[in-house]
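The opening residue of the sequence shown carries number 0 in numbering that gives the first Met the number 0; numbering runs sequentially from there.
Positions of the beta carbon are idealized from the N, C-alpha and C atoms, including for glycine.
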Amino acid sequence: MGPGGAGSVSAERLASELQMFGLDCEEAAYEKLVELCPLYRKTEDELVAELVAFSTNTGKVYLTLENLSSFESEFLTKRIARARHGTTKKDSGHPGTWDIVSIQELIEVEAKEETLLNSYTTPSKGSQKRSVSTPETPQSKRNVSAACSPHLLFSPASFSPSATPSQKYSSRSSRGEVVTTFGSTQGMSWSGKGGGGSLSVKVLDAAKALTGNYKCMFQKLTDVREVLTCRIEELGHELKELHHIEAFSPVSVPVQVVVMEGANSTGKKFIATKLYEGVPLPFYQPTEEDGDSDQRMILVACGPYTTSDNVTYDPMMDLIDVIRRDQPDVCILLGPFLDAKHEQVENCQLTSTFENVFKSCLRTILEGTRSSGTHLVFVPSLRDVHHQPVYPQPPFSFPELPKEDIKRVHFVSDPCNLSINGVILGLTSTDLLLHMGAEEITSSSSASDRFSRILKHVLTQRSYYPLYPPFEEMSIDYEHFYSHAQLPITPDVFIIPSDLRYFVKDILGCVCMNPGRLTKGQVGGTFGRLYISRQAADGSGRRSPCTAAQVVKI
0 MGPGGAGSVS AERLASELQM FGLDCEEAAY EKLVELCPLY RKTEDELVAE LVAFSTNTGK
60 VYLTLENLSS FESEFLTKRI ARARHGTTKK DSGHPGTWDI VSIQELIEVE AKEETLLNSY
120 TTPSKGSQKR SVSTPETPQS KRNVSAACSP HLLFSPASFS PSATPSQKYS SRSSRGEVVT
180 TFGSTQGMSW SGKGGGGSLS VKVLDAAKAL TGNYKCMFQK LTDVREVLTC RIEELGHELK
240 ELHHIEAFSP VSVPVQVVVM EGANSTGKKF IATKLYEGVP LPFYQPTEED GDSDQRMILV
300 ACGPYTTSDN VTYDPMMDLI DVIRRDQPDV CILLGPFLDA KHEQVENCQL TSTFENVFKS
360 CLRTILEGTR SSGTHLVFVP SLRDVHHQPV YPQPPFSFPE LPKEDIKRVH FVSDPCNLSI
420 NGVILGLTST DLLLHMGAEE ITSSSSASDR FSRILKHVLT QRSYYPLYPP FEEMSIDYEH
480 FYSHAQLPIT PDVFIIPSDL RYFVKDILGC VCMNPGRLTK GQVGGTFGRL YISRQAADGS
540 GRRSPCTAAQ VVKI
């Protein structure tokens with residue numbers, strides 16, 4: 000629909016800009032827009048920027064005279080007034096273009112100033128604005144102390160235009176149902192000590208662990224080739240020593256490094272007659288410094304922690320209730336905490352920064368689990384929209400961590416080798432099962448199941464991500480990959496969450512668990528729990544320190 004009326008040059012520019020952002024305007028409304036530009040001292044570009052923000056907030060993509068009146072009186076005028084109120088003396092006084100995050104910050108500042116001023120007013124004046132709290136009219140969540148309940152601490156309405164709980168999630172009927180088990184689970188109470196006793200939670204070989212951000216996105220192809228060649232040569236040397244092979248010639252860069260014996264009589268085709276596969280690394284040998292050998296309960300959950308139709312984080316709240324009830328010794332929480340694939344993230348509907356949403360989520364978990372004493376281990380994900388999306392992924396940074404939580408909160412990288420009283424857990428939030436399953440080629444007559452084959456590849460290839468080229472959504476820094484994404488030993492327990500079906504399996508002596516995701520779309524998902532106890536070396540052979548495990552619906 001074309002512009003009309005006076006000021007045709009400005010109207011044409013406005014029409015072009017509006018169409019660029021997918022907005023449409025009725026013919027009579029263009030004259031109103033032309034009048035607003037000089038009235039509020041804005042160019043066509045600046046006015047359209049304000050209209051885009053207005054349309055995003057109200058959902059009005061077709062602009063009429065009625066909509067523009069609302070835009071001018073309730074949106075444009077108020078934004079300019081707040082902008083002028085928030086400028087310093089050094090500012091020019093021009094209102095400029097303000098995004099929704101800046102406006103939210105201004106609102107919070109004004110609220111704090113108003114509260115401070117009220118504390119200095121006389122009772123007669125102050126009583127007009129101070130809220131009165133009674134059983135019939137309780138205080139709002141914003142005014143109640145966060146220490147009372149994690150549900151009160153977390154306020155999705157502050158960063159989401161819609162805080163309506165998911166109907167599908169709240170109406171679920173299978174909460175608490177055990178969907179798979181491992182080991183002897185008869186008579187298990189599934190309760191821990193809340194981190195009491197001599198509990199040691201630490202990163203294995205912390206001096207070599209990834210602890211902070213690093214520069215990426217400028218690696219050379221020659222460096223990638225060197226890393227991959229080194230991995231082939233290292234695994235090839237192990238195979239050569241294991242199978243007593245005199246010599247071999249490495250070729251190409253495969254997903255699975257193996258040694259083949261055969262002949263190439265024509266020079267065009269290699270006919271393999273024998274295949275030598277790799278073996279996993281040895282297990283960790285505990286020392287006296289690894290704490291006691293008491294039985295410990297571990298809870299494992301993987302994000303997303305809220306349903307796809309809102310950001311109320313109801314599943315996370317239910318998980319906190321489980322932690323407070325069962326008091327596990329260690330709770331391992333893998334990302335994403337704010338999923339890059341969430342509907343409101345993809346559609347830019349959040350009214351606060353990604354970092355602020357994550358910090359609110361984190362504070363809620365800390366406050367809600369403090370009374371239980373449970374140790375918390377946070378593992379990032381490439382789908383965490385606020386975090387550095389490169390693999391290996393550095394741990395989260397949270398300088399605001401309260402002093403009382405420092406000893407029980409652990410931020411680790413992805414992947415990570417975690418030691419809990421000498422029991423080694425391999426942790427990764429990357430969906431390796433899905434990535435490798437899409438590339439796997441196998442005979443249909445194979446007796447083993449798909450998950451077992453993939454997990455065996457991971458353990459025998461001695462890498463947290465033995466796949467090249469990587470999945471299309473993966474960004475790998477191969478220099479750090481070589482240093483931080485290799486298996487130094489075979490873990491006793493391997494936590495490998497995936498979108499694929501949950502399971503618990505013993506693969507070559509390593510207990511591998513896919514706890515599933517806490518939410519799947521608009522419905523609830525699953526989490527895992529397991530008992531571990533370091534076994535004493537009595538000469539009868541190794542026994543798995545994981546005595547029992549379950550996957551449970553939230």
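Item, Value
"Identify whether D383 lies in helix, strand or coil by the three-state DSSP scheme.", "strand"
"Among the candidates P468, D317 and D328, whose CA atom is the shortest distance from the CA of T363?", "D317"
"Whose C-beta lies closer than 6 Å to the C-beta of R171 among residues of the same chain, with five residues either side of it excluded?", "G523"
"CB T163 to CB V550, shorter than 8 Å?", "no"
"Are at least three pairs of beta-carbons, each pair with one atom in the stretch 202-216 and one in the stretch 289-309, less than 8 Å apart?", "no"
"Give the range of the alpha helix (DSSP H) segment to which T221 is assigned.", "L220 to H242"
"DSSP puts Q166 in a beta bridge; with which residues?", "Looking at the DSSP assignment, Q166 forms no beta bridge with any residue, so it has no partner."
"Touching or not, the stretch 451-460 and the stretch 371-389, by the rule of three or more beta carbon pairs under 8 Å?", "no"
"Which two residues bound the contiguous beta strand (DSSP E) that contains E260?", "V258 to A262"
"Examine the Cβ distances between the stretch 486-497 and the stretch 466-476 and report whether three or more of them are shorter than 8 Å.", "no"
"Taking the C-alpha atoms as reference points, what is the distance between N142 and T368?", "In this prediction, N142 scores a pLDDT of 43, lower than 50, which makes its location untrustworthy; the coordinate-derived value is nonetheless stated afterwards. For N142 and T368, the distance between alpha carbons rounds to 21 Å."
"Taking its Cβ as the centre, do 16 or more other Cβ atoms sit within 10 Å of H243, making it buried, or is it exposed?", "exposed"
"Considering only the beta carbon of each residue, do K41 and L67 sit closer than 8 Å?", "no"
"How would you label V503, buried or exposed, when you count the other beta carbons within 10 angstroms and need 16 or more for buried?", "buried"
"Counting C-beta neighbours from all protein chains within 10 Å, is the total for I319 16 or more, i.e. buried, or is it exposed?", "buried"
"Quick check on this structure: which residue in R452, S447, S497 and H434 has the alpha carbon closest to the alpha carbon of Y467?", "H434"
"Determine, using beta carbons only, whether G372 and G194 come nearer to each other than 8 Å.", "yes"
"Run the CB neighbour count on T221, radius 10 Å, all protein chains shown included, and call it buried at 16 or more, exposed below.", "exposed"
"Taking the continuous beta strand (DSSP E) assigned at H341, which residues delimit it?", "First-last for H341: undefined, no H or E at that position."
"Just curious, the alpha helix (DSSP H) that S359 is in, first and last residue?", "F353 to T368"
"Could you tell me the alpha carbon to alpha carbon distance between T265 and T272, rounded to whole angstroms?", "16 Å"
"Within the continuous beta strand (DSSP E) that includes C330, where are the two ends?", "V329 to L333"
"In whole angstroms, what separates the C-alpha of T311 from that of S165?", "8 Å"
"Measuring alpha carbon to alpha carbon, tell me which residue in R542, E478, C509 and T546 is nearest V223.", "E478"
"Does F53 pass the burial test, meaning 16 or more other C-beta atoms within 10 Å, or should it be called exposed?", "buried"
"Would you kindly check if the distance between the Cβ of F20 and the Cβ of V51 is under 8 Å?", "yes"
"Quick one: using the 10 Å Cβ neighbour count with 16 as the cut-off for buried, is M259 buried or exposed?", "exposed"
"Under a three-way DSSP split, which group does Q596 fall into?", "One cannot answer for residue 596 here, as it falls past the ends of the chain, which runs 0 to 553."
"Leaving out five residues on either side along the sequence, give the residues of the same chain with a beta carbon under 7 Å from the beta carbon of I506.", "S451, L454, K455 and L458"
"What are the partner residues of Q392, as DSSP defines its beta bridges?", "D413"
"With DSSP as the reference, please indicate the residues paired to N309 in a beta bridge.", "Answer is none; N309 lacks a bridge partner."
"Can you tell me which of the three DSSP states T525 falls into?", "strand"
"Excluding the five sequence neighbours on either side, which residues of its own chain have a C-beta within less than 6 Å of the C-beta of T96, listed in chain order?", "Any reading at T96 needs caution, since the residue's pLDDT is 49, under 50, leaving its predicted position unreliable; the model's value is listed next. Here the set comprises E45 and A48."
"Can you grab the Cα-Cα spacing for the pair G515 / S307, in whole Å?", "16 Å"
"With a threshold of 16 other CB atoms inside 10 Å of the CB of C229, please say whether the residue is buried or exposed.", "exposed"
"With A484 as the anchor, note down where its beta strand (DSSP E) starts and where it stops.", "Counting along the chain, A484 falls outside any beta strand (DSSP E), and DSSP gives it neither H nor E."
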